[in-house]
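Residue numbers (my numbering), protein chains in the order written: chain F, 9 to 221; chain S, 9 to 221.
Structure follows, in structure tokens:
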């Protein structure tokens, strides 16, 4: 069993998902959604989910010192869904989402990808990266509760729901809410029954967007 | 910033925690608790938490294809707390907790560690590994809901609580309940206020053991 075999669950997956990683990323922001997607694939969803870096980088060191192996280098236009996790924003950490926004390379890449990507998802302060890339504007979105004011200052229409669905822009609150965001994307693409099954397998009680009810 | 600097948060941490990893381990079983411990350390808890392998192995490939870097090789007697995650038990996966139990090396090591370890914790089907190692016997414990019957068959007194505290044996249900187990250990060792702060930072609504109320 290799990472690649799991990343490419079927020869021609219907849905391709890239989860963006970078040094200082919050590990649960990454692993929560990715495990949801891979579990959905294991239960028959035709999807591929991969951890992608901006430049070739075999190993990424997260905000809490957990080293994770990357699957591929990000290519704008390759994935149907791009998930952007956060990490280290509120603390202005030397590595993390804040550092990435200041450096500017990820925002530029995400802008380049936006026109060819079906859906952008911001997890935790990954939403701030999307906002700084100019990809949220005045749309409805949320982020980690510590930086809601900062998100509002970018012009976004800020909601405090755990998951906010604004069509081709889906965002969520802090850290563990990324699990609910991913389950919601599974529900949108493959149905609520599959999403409920995945959640049950993870002993997770779901929170869906209020707009879904 | 290196993994080692985060694994050893203070020069002489009061509490040393090893999180056992092996190929086929469920990634959230690992990352959930570890991120809780590292966040607690970041908020002042004097603890060290490390990912440990049975033999030298720089990279571990989890059940869902996520590669994780190990911090150290397990040494019985080194840690005050040993956390055993699960993965792949119900599916009898070729790698994972079931494979480890059949192979027998981890059970033997955990038995060797038990007499010098202050607390054993089983996450998800990691509890089954502890049971097969003879470290649960008739004590109160829980595991992933898919294998509760199998746990009962080992002689354990099975509860269906999300987290079960039986003194120096603490266990929990499936996958995401490992976050609650880790928060409970933080509460036991460093107080409920810190555990609540960590949970809030992760946007996680806690479930404590019923015996704690």
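We put the CB at the ideal spot given by N, CA and C, even for glycine.
Problem set entry | the region 74 to 88 of chain S contacting the region 141 to 156 of chain S, beta-carbon criterion three pairs below 8 Å | In short, these stretches do not touch, since the Cβ pair count stays below three.
For this session: Please compile the residues from chain F whose C-beta is within a distance smaller than 7 Å of the C-beta of residue 81 of chain S.
Result: Taking the first residue of the second chain as position 1, residue 81 of chain S is located at position 73. Per Cβ cutoff of 7 Å: no residues; residue 81 of chain S is ~16 Å from chain F at best.
Problem set entry | Check: residue 173 of chain S C-beta below 8 Å from any heavy atom of the ligand MN | Of the ligands one can find in the structure shown there are none, so the ligand MN has no counterpart to examine.
For this session: Would you tell me roughly how many angstroms separate the C-alpha atoms of residue 41 of chain F and residue 187 of chain F, rounded to the nearest one?
Result: As a working note, residue 41 of chain F is residue 33 in the first chain. As a working note, residue 187 of chain F is residue 179 in the first chain. A straight-line Cα-Cα distance of about 5 Å links residue 41 of chain F and residue 187 of chain F.
Exercise. Any Cβ of chain F within less than 9 Å of the Cβ of residue 184 of chain S?
Worked result: Reading the second chain from its first residue, position 176 is the one you call residue 184 of chain S. Interface residue, yes.
For this session: Give the interface partners of residue 226 of chain S over in chain F, defined as CB-CB distance under 9 Å, in chain order.
Result: Nothing can be reported for residue 226 of chain S: it is not among the residues displayed for chain S, which extend from 9 to 221.
For this session: Compare the C-alpha of residue 131 of chain S against each of S/20, S/33, S/22, S/24 and name the closest.
Result: As a working note, residue 131 of chain S is residue 123 in the second chain. Comparing Cα-Cα distances from residue 131 of chain S to each of S/20, S/33, S/22, S/24, the minimum goes to S/33.
Exercise. What does residue 181 of chain S reach in chain F if we use C-beta pairs closer than 8 Å?
Worked result: By 1-based counting over the second chain, the position of residue 181 of chain S is 173. Within chain F, the residues near residue 181 of chain S are 211.
For this session: Excluding the 5 residues preceding and the 5 following residue 202 of chain S in the sequence, name in chain order all residues of the same chain whose CB lies nearer than 7 Å to its CB.
Result: Position 194 of the second chain, counting from 1, holds the residue named residue 202 of chain S. Cβ within range, chain order: 48, 51, 53, 194.
For this session: Look at the alpha carbon of residue 177 of chain F and the alpha carbon of residue 39 of chain F, and state the distance between them as a whole number of angstroms.
Result: Your numbering for residue 177 of chain F matches position 169 in the first chain. Your numbering for residue 39 of chain F matches position 31 in the first chain. So the alpha carbons of these two residues sit roughly 20 Å apart.
For this session: Go through its chain and collect everything with a Cβ distance to residue 23 of chain F's Cβ below 6 Å, but skip five positions before and after it.
Result: Numbered from 1 along the first chain, position 15 holds the residue referred to as residue 23 of chain F. Residues of the same chain with a CB within less than 6 Å of the CB of residue 23 of chain F, apart from the 5 flanking positions on each side, are 55, 88, 197 in chain order.
Exercise. How would you call residue 37 of chain S, buried or exposed, if buried means at least 16 neighbouring beta carbons within 10 angstroms?
Worked result: Here the question's residue 37 of chain S lines up with position 29 in the second chain. The residue in question, residue 37 of chain S, is buried, as its Cβ has 16 or more Cβ neighbours within 10 Å.
Exercise. Residue 36 of chain S CB to nearest chain F CB: under 9 Å?
Worked result: On the second chain, position 28 is the one that residue 36 of chain S refers to. Closer than 9 Å to some Cβ of chain F, the Cβ of residue 36 of chain S qualifies, so yes.
Problem set entry | Any chain F beta carbon closer than 9 Å to residue 40 of chain S | Locating residue 40 of chain S in the second chain gives position 32, counting from the first residue. It does; some Cβ of chain F falls within 9 Å.
Exercise. Going along the chain, which residues of its own chain have a beta-carbon closer than 6 Å to the beta-carbon of residue 174 of chain S, five neighbours each way excluded?
Worked result: Counting from one through the second chain, the residue named residue 174 of chain S turns up at place 166. Residues of the same chain with a CB within less than 6 Å of the CB of residue 174 of chain S, apart from the 5 flanking positions on each side, are 147, 148 in chain order.
For this session: Go through its chain and collect everything with a Cβ distance to residue 217 of chain F's Cβ below 7 Å, but skip five positions before and after it.
Result: Sequence index remark: in the first chain, residue 217 of chain F carries index 209 (1-based). Around residue 217 of chain F, the same chain offers 169, 171, 172, 173, 192 as residues with beta carbons nearer than 7 Å, after the five sequence neighbours per side are excluded.
Exercise. For residue 116 of chain F, does the count of other Cβ atoms within 10 angstroms reach 16, so buried, or fall short, so exposed?
Worked result: Here residue 116 of chain F refers to the residue found at position 108 of the first chain. When all chains shown are included, residue 116 of chain F counts as exposed.
Exercise. Shortest alpha-carbon distance to residue 71 of chain F belongs to which of F/61, F/154, F/78, F/95?
Worked result: Within the first chain, the letter at position 63 stands for residue 71 of chain F. Ranking the options by Cα distance to residue 71 of chain F, first place goes to F/95.
Exercise. Which residues, in order along the region 63 to 80 of chain F, keep a beta-carbon less than 7 Å from a beta-carbon of chain S?
Worked result: With the criterion set as a beta carbon lying under 7 Å from some beta carbon of chain S, the members of the region 63 to 80 of chain F are 67, 69, 72, 73, 74, 75, 76, 77, in sequence order.
Exercise. Is there a Cβ from chain F that is less than 9 Å from the Cβ of residue 46 of chain S?
Worked result: In the second chain, residue 46 of chain S corresponds to position 38, counting from 1. Any Cβ of chain F closer than 9 Å to the Cβ of residue 46 of chain S would place that residue at the interface, and such an atom is present.
Exercise. Would residue 25 of chain S count as contacting chain F if we go by Cβ distances under 9 Å?
Worked result: The residue given as residue 25 of chain S occupies position 17 in the second chain. At a cut-off of 9 Å, the C-beta of residue 25 of chain S has no neighbouring C-beta in chain F.
Exercise. Is it buried or exposed for residue 161 of chain S, if we count other Cβ within 10 angstroms and need 16 for buried?
Worked result: Counted from its first residue, the second chain places residue 161 of chain S at position 153. Exposed, since its Cβ has fewer than 16 Cβ neighbours within 10 Å.
Problem set entry | Spatial neighbours of residue 165 of chain F in its chain, beta-carbon cut-off 8 Å, leaving aside the 5 residues before and after | Taking the first chain and counting its residues from 1, the one referred to as residue 165 of chain F is at position 157. Once the five neighbours on either side are set aside, the close Cβ partners of residue 165 of chain F are 146, 147, 148, 149.
Exercise. At which residues does the beta strand (DSSP E) containing residue 204 of chain S begin and terminate?
Worked result: Stepping through the second chain from its first residue, residue 204 of chain S is reached at position 196. In this chain, residue 204 of chain S is not harboured by any beta strand (DSSP E); it is covered by the alpha helix (DSSP H) spanning 200 to 209.
For this session: Would you give the residue range spanned by the beta strand (DSSP E) that residue 26 of chain F belongs to?
Result: Taking the first residue of the first chain as position 1, residue 26 of chain F is located at position 18. Residues 23 to 28.
Exercise. Going along the chain, which unbroken runs of the beta strand (DSSP E) with 3 or more residues stay wholly within the region 45 to 100 of chain S?
Worked result: 55 to 61, 67 to 69, 75 to 77, 89 to 92, all fully within the region 45 to 100 of chain S.
Exercise. Can the beta-carbon of residue 182 of chain F be found less than 9 Å from the beta-carbon of residue 209 of chain S?
Worked result: Taking the first residue of the first chain as 1, we reach residue 182 of chain F at position 174. Taking the first residue of the second chain as 1, we reach residue 209 of chain S at position 201. Yes, Cβ-Cβ distance for residue 182 of chain F and residue 209 of chain S is below 9 Å.
For this session: Return yes when the Cβ of residue 118 of chain S is within less than 9 Å of the Cβ of residue 155 of chain S, no when it is not.
Result: On the second chain, position 147 is the one that residue 155 of chain S refers to. On the second chain, position 110 is the one that residue 118 of chain S refers to. No, Cβ-Cβ distance for residue 155 of chain S and residue 118 of chain S is not below 9 Å.
Exercise. Can you pull the DSSP bridge partners for residue 148 of chain S?
Worked result: Locating residue 148 of chain S in the second chain gives position 140, where the first residue counts as 1. Within the DSSP bridge table, the entry for residue 148 of chain S names S/165 as partners.
For this session: Identify each residue in the region 148 to 169 of chain F for which the Cβ-Cβ distance to at least one residue of chain S is less than 9 Å, and report them in chain order.
Result: Within the region 148 to 169 of chain F, the residues whose Cβ lies closer than 9 Å to some Cβ of chain S are 152, 153, 154, listed in chain order.
Exercise. Are residue 105 of chain S and residue 137 of chain S touching if we call contact CB-CB under 9 Å?
Worked result: Numbered from its first residue, the second chain carries residue 105 of chain S at position 97. Numbered from its first residue, the second chain carries residue 137 of chain S at position 129. Between residue 105 of chain S and residue 137 of chain S, the gap from beta carbon to beta carbon is short of 9 Å.
Problem set entry | Identified DSSP bridge partners for residue 180 of chain F | Counting from one through the first chain, the residue named residue 180 of chain F turns up at place 172. DSSP lists F/171 as partners of residue 180 of chain F.
Problem set entry | Contacts around residue 205 of chain S, its chain only, beta-carbon distance under 8 Å, and the 5 residues preceding and following it disregarded | As a working mapping, residue 205 of chain S is identified with position 197 in the second chain. In its chain, beyond the 5 residues on either side, 51 have a beta carbon closer than 8 Å to the beta carbon of residue 205 of chain S.
Exercise. Are residue 65 of chain F and residue 78 of chain F touching if we call contact CB-CB under 9 Å?
Worked result: For the purposes of this step, residue 65 of chain F is identified with residue 57 of the first chain, where counting begins at 1. For the purposes of this step, residue 78 of chain F is identified with residue 70 of the first chain, where counting begins at 1. Here residue 65 of chain F is near residue 78 of chain F, since their CB atoms are less than 9 Å apart.
Exercise. What is the DSSP secondary structure of residue 138 of chain S, counted as helix, strand or coil?
Worked result: As a working mapping, residue 138 of chain S is identified with position 130 in the second chain. In this structure, residue 138 of chain S counts as helix in the three-state DSSP scheme.
Problem set entry | Own chain, CB closer than 7 Å to residue 222 of chain S, minus 5 neighbours either side, in chain order | Absent from the structure is residue 222 of chain S, since the part of chain S shown begins at 9 and ends at 221.
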